[in-house]
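*Asks:* Got a structure here, written out as structure tokens. Questions coming.
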Amino acid sequence: MENLELHRGDLVEVKSPGEILATLDAQGRYEGLPFMPEMAQFCGQRFPVRARADKLCDTVNYSGSRRLPDGVLLGDVRCDGSGHDGCQAACRIFWKTAWLRRVVPDMPASPPFPHEDVELLRQRTQPYTRSESEANGKTEITYVCQNTELPKCTELLNLWNPGPYINEYTSGNVSFRHFLTVTTRAAITEPKRKLGLVPEIHLPGTASKDERFPALDLQPGEWVRVKSKEEIARTLTSDGRSFGMWFDKDMFPHCGKVYRVRQRISRFVHEPNGKMLTPKMASVTLEGVVCSGDYAVCRWFCPREIYPYWREFWLERVAAPK
């Protein structure tokens, strides 16, 4: 099958349902990567390549950075969770180049595909989104998605091999300015971390394990200010968590800034075990606030742009900016 050698900015079109079905194995996968039912709606649509999937963080085994061969991310195309019982993680979707064709802007667009063709692709891939088992007299569902399977269809990168980092710039995934900013910061902070001069717990707090804080009942569209690190530390335990949830150092730059609430989070698939979880305390995502991949050693240059979850008591409601 043709290798497109796609790069950031290339324009592509998602192939027809029939063409994609022809690439899938008996489990609805191509080279181990699931084609999820949520992806069928994009057949025939055009998107710019956002990045090559050459350096991805591992949120299953936390093994380090991984490479998805012949994989790319498109625009801001995200999973809507419709094939996974309403998971709200809104993860970016990975695309194998075998599912895409390169196009130029003045090329005529493909005519819309028949609804029944799109539905057939969705129905063929839906059964592989979960498995069921019996435990203590109850049926337990384990969900399967691209992210739960990522370690199985990717290659582990050597954390200290400079090649993959340099490739992020030479392939066009990141700008020179971005490359220089991240590598300079890493050159300063990593020796300190290796020497034990940087604490492993990003923001240790003073809260007791079961201490609770007022919820705001935030709704999508409302405006909030992210509290200061000092205020947030008051809600964290000594291990830097709030009811199991980290306040990650990638979230530090947002302290004091104002954002709109994107969504209340009530359910999401936990990637390490495929179980559907409900946040222990009220949590939301914020518009435009995603993991930058700039601060943690295993995430440098990762393009997944995961939405972090924010406890409501890390935020305060404010008036809309004028």
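Under my numbering, the sequence shown has 637 at position 135, and the numbering climbs by one with no breaks. Glycine included, C-beta positions come from ideal geometry on N, C-alpha and C. As the structure is a computational prediction, the values presented were derived from the model and not from experiment.
If I measure Cβ to Cβ from Ser518 and keep anything under 8 Å in the same chain, skipping five residues before and after, which residues do I get?
*Replies:* Hits under 8 Å: Cys545, Gly546, Ser612, Phe615 and Asp619.
*Asks:* Helix, strand or coil for Leu652, going by three-state DSSP, please let me know.
*Replies:* If DSSP states are grouped into helix, strand and coil, Leu652 belongs with the helices.
*Asks:* Can you name, in chain order, every residue of its own chain whose Cβ lies under 6 Å from the Cβ of Pro774, other than the five neighbours on each side?
*Replies:* These residues qualify, in order along the chain: Val562.
*Asks:* Using 10 angstroms around the beta-carbon of Ala822, count the other beta-carbons present and answer buried if the total reaches 16, otherwise exposed.
*Replies:* Ala822 comes out exposed.
*Asks:* Pull up the distance between the alpha-carbon of Asp587 and that of Gln529, whole angstroms please.
*Replies:* Each residue's alpha carbon lies about 19 Å from the other.
*Asks:* Out of Gly742, Val763 and Met753, which one is the CA nearest neighbour of Pro722?
*Replies:* Ranking the options by Cα distance to Pro722, first place goes to Val763.
*Asks:* Using the Cβ count rule (16 or more neighbours within 10 Å means buried), how would you classify Lys694?
*Replies:* Exposed: under 16 other Cβ atoms inside 10 Å.
*Asks:* Just to confirm my understanding: we take Glu789, look at its own chain, exclude 5 residues before and 5 after, and list those with CB closer than 7 Å. What are they?
*Replies:* Excluding residues within five positions, the ones whose Cβ falls inside 7 Å are Tyr761, Arg762 and Arg764.
*Asks:* Count the other CB atoms within 10 Å of the CB of Leu576; is the residue buried (16 or more) or exposed (fewer)?
*Replies:* Buried is the call here.
*Asks:* On a Cα-Cα basis, can you pick out the residue from Ala555, Gly520, Gly534 and Ser677 that is closest to Glu507?
*Replies:* Per the Cα distances, Ala555.
*Asks:* Please look up how many angstroms separate the CB atoms of Pro805 and Asn675, rounded, as I've assumed it's under 8 Å.
*Replies:* Confirmed, Cβ separation roughly 7 Å.
*Asks:* Within 8 Å, do at least three Cβ pairs link the region 795-814 to the region 681-698?
*Replies:* Verdict: yes, contact present.
*Asks:* Take every Cβ of the region 775-782, pair it with every Cβ of the region 564-580, and state whether three or more of those distances are shorter than 8 Å.
*Replies:* Result no; under three Cβ-Cβ pairs closer than 8 Å.
*Asks:* Does the distance from the CB of Ser768 to the CB of Gln628 come in under 8 Å?
*Replies:* Result no, Cβ atoms of Ser768 and Gln628 do not sit closer than 8 Å.
*Asks:* Confirm, please, whether the CB-CB distance from Gly742 to Ile703 is below 8 Å.
*Replies:* Yes, the pair counts as a contact, with Cβ atoms nearer than the cut-off.
*Asks:* Excluding the 5 residues flanking Lys759 on each side, which residues of the same chain have their C-beta closer than 8 Å to its C-beta?
*Replies:* Excluding positions up to five away in sequence, the list reads Arg727 and Val728.
*Asks:* Residues in the same chain with beta-carbon distance under 6 Å from Asp796, minus the five sequence neighbours each way, listed in chain order, please.
*Replies:* Excluding residues within five positions, the ones whose Cβ falls inside 6 Å are Val684.
*Asks:* Closest to Lys824 by CA distance: which of Trp662, Arg552, Trp725 and Ser730 is it?
*Replies:* Comparing Cα positions, the closest option is Trp725.
*Asks:* Quick check on Glu807: does DSSP put it in helix, strand or coil?
*Replies:* Three-state result, Glu807: coil.
*Asks:* Classify Asn505 as buried or exposed, calling it buried when 16 or more other Cβ atoms lie within 10 Å of its own Cβ.
*Replies:* Asn505 is exposed by the Cβ-count criterion.
*Asks:* To the nearest angstrom, how far is the alpha carbon of Glu818 from that of Ala553?
*Replies:* Cα to Cα, Glu818 sits roughly 34 Å from Ala553.
*Asks:* Leaving out the 5 sequence neighbours to the left and right, which residues in its chain are closer than 7 Å to Arg603 when beta-carbon positions are compared?
*Replies:* Only Val514, Glu515 and Lys517 meet the Cβ criterion.
*Asks:* What does the alpha-carbon distance come out to for the pair Glu713 and Gly707?
*Replies:* Cα-Cα distance, rounded: 12 Å.
*Asks:* What is the rounded straight-line gap between the Cα of Leu659 and the Cα of Cys559?
*Replies:* The alpha-carbon atoms of Leu659 and Cys559 are separated by roughly 10 Å.
*Asks:* May I have the straight-line CA-CA distance separating Gly698 from Pro653, to the nearest angstrom?
*Replies:* Distance between the alpha carbons of Gly698 and Pro653: 29 Å.
*Asks:* Going by DSSP, which residues form a beta bridge with Pro550?
*Replies:* BP columns for Pro550 point to Leu513.
*Asks:* Is Ala542 helix, strand or coil when you go by DSSP?
*Replies:* Ala542 falls in the helix class under three-state DSSP.
*Asks:* Excluding the five sequence neighbours on either side, which residues of its own chain have a C-beta within less than 8 Å of the C-beta of Cys655, listed in chain order?
*Replies:* The answer, listed in chain order, is Arg531, Glu533, Gly534, Leu535 and Leu570.
*Asks:* Between the Cα of Glu642 and the Cα atoms of Val700, Glu634 and Gln543, which residue gives the shortest distance?
*Replies:* Of the listed residues, the one whose Cα sits closest to Glu642 is Glu634.
*Asks:* Tell me, which residues are paired with Ser785 by DSSP?
*Replies:* In DSSP, Ser785 forms a bridge with Ile767 and Arg813.
*Asks:* Given this structure, state the Cα-to-Cα distance separating Leu623 from Cys581, to the nearest angstrom.
*Replies:* When rounded, the distance between both Cα atoms is 16 Å.
*Asks:* Go through its chain and collect everything with a Cβ distance to Pro539's Cβ below 6 Å, but skip five positions before and after it.
*Replies:* Only Gly585, Arg624, Thr627 and Gln628 meet the Cβ criterion.
*Asks:* Could you give the residue range of the beta strand (DSSP E) that holds Ile595?
*Replies:* Segment Arg594 to Lys598, the beta strand (DSSP E) holding Ile595.
*Asks:* Please say whether Phe715 and Phe596 have beta carbons closer to each other than 8 Å?
*Replies:* Cβ distance not < 8 Å, so Phe596 and Phe715 don't count as in contact.
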